[in-house]
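Have a look at the structure below, then the notes.
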Amino acid sequence: MYKAVRMFHYADGVGLEQEALKGLCEVTEHVCSTEEDIIEYCKDADAVMGIFEPLTARVIKSLPKLKLIACKSMGYNYVDLEAAKERGISVTHLTNYCVHEVADYVSACILAHNKRLFAYDRSVRVDKKWDFGVCPEIRRFNTQTVGLAGFGQIARLVAKNLSGFGVRILAADPFIDQSIGAQYGVTMVDMETLFRESDYVSLHIPLIDGTANLIDKHLFDLMKEDAVFINAARGGVVVEQDLIDALDSGKLAWAYLDVLVDEFPDPKTHPLANRDNVIITPHVAFYSQEAGRDGRLHCCADIRNYFTGNYDACHFVPGGDNTGR
102 MYKAVRMFHY ADGVGLEQEA LKGLCEVTEH VCSTEEDIIE YCKDADAVMG IFEPLTARVI
162 KSLPKLKLIA CKSMGYNYVD LEAAKERGIS VTHLTNYCVH EVADYVSACI LAHNKRLFAY
222 DRSVRVDKKW DFGVCPEIRR FNTQTVGLAG FGQIARLVAK NLSGFGVRIL AADPFIDQSI
282 GAQYGVTMVD METLFRESDY VSLHIPLIDG TANLIDKHLF DLMKEDAVFI NAARGGVVVE
342 QDLIDALDSG KLAWAYLDVL VDEFPDPKTH PLANRDNVII TPHVAFYSQE AGRDGRLHCC
402 ADIRNYFTGN YDACHFVPGG DNTGR
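As numbered in this note's numbering, residues 102 to 426 make up the sequence shown, in order.
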């Protein structure tokens with residue numbers, strides 16, 4: 102019997118995971134927010150289920166029985182992949198469990214902003230005004246351009262969601278050519294053109310080697326002064342201070358952010374919080390009850406497939422040790 106530790110909490114316990122891995126793994130839950138927590142509670146684990154926990158080189162080297170890190174997330178930037186590879190530890194992640202949720206979140210941000218729902222609500226609720234002229238800059242949506250930085254599963258679904266509105270859609274992705282973009286009514290361009298010509302720029306780039314701090318002052322300086330920046334991907338892809346400077350200078354008009362560089366920022370002190378032109382949500386774009394359940398089951402399926410030798414069915418991260426040791 103293998104031992105699997107879920108390092109994060111769900112109110113309904115681990116019954117779902119225990120049933121999914123019945124007969125193969127003993128499943129327990131220990132919330133691990135620090136390296137010390139993981140080392141203490143996972144020292145006998147054959148597999149761990151993670152979501153944001155610091156699986157650093159130090160941690161990985163301190164878990165002698167560990168064979169598999171199963172990320173219950175699409176992102177895996179919290180895992181030191183090189184350290185895992187050196188130890189022969191495989192890493193899996195989720196590949197499509199919240200695609201609809203994130204795409205719908207981005208689409209909702211764009212549509213809500215186009216009608217300035219948050220600004221008008223604040224005007225009525227806080228300022229006690231009843232004045233349509235509060236937002237005179239509103240433009241008809243089908244005269245606007247939406248830019249998708251990255252054109253994977255989520256961005257393609259955003260394009261599909263917006264296809265009926267007659268809006269112009271651009272996408273920038275070095276791995277995707279125009280033949281794919283054309284299937285979604287999208288024009289593929291380079292990143293500079295996308296930032297220069299878009300009224301809305303939505304980020305769809307994972308945080309991996311080579312993408313950290315990719316979105317910086319150079320790109321923000323290219324944007325239209327009334328443009329909107331949306332990030333429901335990963336905070337670390339953006340140079341956060343450059344985003345702050347763009348908002349402070351008026352170069353960037355609005356930002357809708359589901360993620361920041363710090364996964365658990367202090368809303369009382371963070372420089373992007375409490376601004377009228379920044380809408381922040383606490384990394385919830387992925388969430389629905391269905392996605393939460395699907396993600397847990399997907400994570401367990403990777404564990405079961407791994408320990409039963411069905412490696413072709415595992416969703417290994419690119420570049421990891423996937424030998425099934």
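For glycine and all other residues, C-beta sits at the position ideal for the given N, C-alpha and C. None of these values were measured; they are calculated from a predicted model.
Residue from the options whose Cα sits closest to the Cα of residue i
i           : options            : result
residue 119 : 409, 416, 404, 418 : 404
residue 246 : 172, 298, 292      : 298
residue 122 : 414, 401, 419      : 401
residue 178 : 110, 308, 259, 214 : 308
residue 208 : 331, 244, 112      : 331
residue 215 : 376, 242, 273, 324 : 242
residue 153 : 395, 368, 409, 363 : 363
residue 257 : 313, 235, 202      : 202
residue 126 : 274, 335, 145, 281 : 145
residue 172 : 399, 414, 291, 383 : 399
residue 318 : 342, 409, 280      : 342
residue 406 : 191, 356, 344, 301 : 191
Separation of residue j from residue i, as counted between CA atoms
i           : j           : result
residue 158 : residue 232 : 57 Å
residue 353 : residue 168 : 46 Å
residue 128 : residue 106 : 6 Å
residue 150 : residue 244 : 46 Å
residue 196 : residue 254 : 9 Å
residue 170 : residue 346 : 38 Å
residue 326 : residue 348 : 10 Å
residue 380 : residue 220 : 10 Å
residue 350 : residue 206 : 27 Å
residue 264 : residue 132 : 42 Å
residue 185 : residue 416 : 16 Å
residue 316 : residue 276 : 18 Å
residue 165 : residue 140 : 10 Å
residue 321 : residue 373 : 16 Å
residue 272 : residue 236 : 28 Å
residue 396 : residue 230 : 44 Å
residue 359 : residue 334 : 8 Å
residue 310 : residue 268 : 33 Å
residue 296 : residue 324 : 5 Å
residue 183 : residue 143 : 20 Å
residue 198 : residue 392 : 6 Å
residue 211 : residue 336 : 19 Å
The alpha helix (DSSP H) enclosing residue i, as first and last residue numbers
i           : result
residue 200 : 200-215
residue 407 : 390-408
residue 294 : 292-298
residue 185 : 182-188
residue 283 : 279-284
residue 220 : 218-226
residue 258 : 254-263
Assigned exposure category for residue i - 16 Cβ within 10 Å defines buried
i           : result
residue 65  : No information on residue 65 is available, as it lies outside the stretch 102 to 426 that the chain covers here.
residue 114 : exposed
residue 278 : exposed
residue 225 : exposed
residue 370 : exposed
residue 189 : exposed
residue 194 : buried
residue 340 : buried
Residue i: first and last residue of the uninterrupted beta strand (DSSP E) it sits in
i           : result
residue 247 : 246-250
residue 374 : Note, residue 374: premise wrong, no beta strand (DSSP E); not H, not E.
residue 106 : 103-107
residue 240 : Counting along the chain, residue 240 falls outside any beta strand (DSSP E), and DSSP gives it neither H nor E.
residue 115 : No beta strand (DSSP E) contains residue 115, which DSSP labels as neither H nor E.
residue 192 : 191-193
residue 146 : Neither: residue 146 is in no beta strand (DSSP E) and is coded neither H nor E.
residue 273 : 269-273
Ignoring anything shorter than 4 residues, give me the alpha helix (DSSP H) runs that lie fully in the segment 296-371, in order along the chain.
318-323, 341-350
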